[in-house]
Amino acid sequence: MRVFDGERWMDATRGDYLYIPPGGVHSFGNISGEPTEFLMLFAPGGAREGYFEGLEHLGGMTDQERADFFLRHDSFFTDMTKGPAADSWEDRAALRKAFKTR
Numbered sequence: 005m006r007v008f009d010g011e012r013w014m015d016a017t018r019g020d021y022l023y024i025p026p027g028g029v030h031s032f033g034n035i036s037g038e039p040t041e042f043l044m045l046f047a048p049g050g051a052r053e054g055y056f057e058g059l060e061h062l063g064g065m066t067d068q069e070r071a072d073f074f075l076r077h078d079s080f081f082t083d084m085t086k087g088p089a090a091d092s093w094e095d096r097a098a099l100r101k102a103f104k105t106r
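Those letters in the sequence shown? Residues 5 to 106, by my numbering.
Here is the structure:
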């Protein structure tokens, strides 16, 4: 799992955790080509079910519907090809073809 703590990208492995303070910038992704599991906790809890339930429908949305969905759920994505994540994401994406998927 690749995680962003607001300043840098890093690889997270079993047993690692990332604390995000309220309003903190963060991101995560799995570009390994292998399944992954992780636990995400919200404290205090927030109504995020609609966001996570809607993620599976992103591929069938128009660009405008997708933008509206993210705006409605307070999710903002930066351009992954620029900024602090550029090298690590591009390098790992290039390596992804070497991973076997199940």
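Cβ coordinates follow ideal geometry from the N, Cα and C atoms, glycine included.
Practice problem: Please name the residue, chosen from 28, 64, 50 and 9, that lies closest to residue 77 on a Cα-to-Cα basis. | Solution: Checked all of 28, 64, 50 and 9; the closest Cα to residue 77 is 50.
Exercise. To which residues does DSSP link residue 18 through a beta bridge?
Worked result: For residue 18, which the question treats as bridged, DSSP gives no partner whatsoever.
- Item | Unbroken alpha helix (DSSP H) run spanning residue 6, endpoints | Here residue 6 belongs to no alpha helix (DSSP H); instead the beta strand (DSSP E) covers 6-8.
Item to check | Cβ pair residue 8, residue 31 closer than 8 angstroms | outcome: Between residue 8 and residue 31, the gap from beta carbon to beta carbon is short of 8 angstroms.
### Message
If you measure between the beta carbons of residue 58 and residue 73, is that distance less than 8 angstroms?
### Response
For residue 58 and residue 73, yes; Cβs fall inside 8 angstroms.
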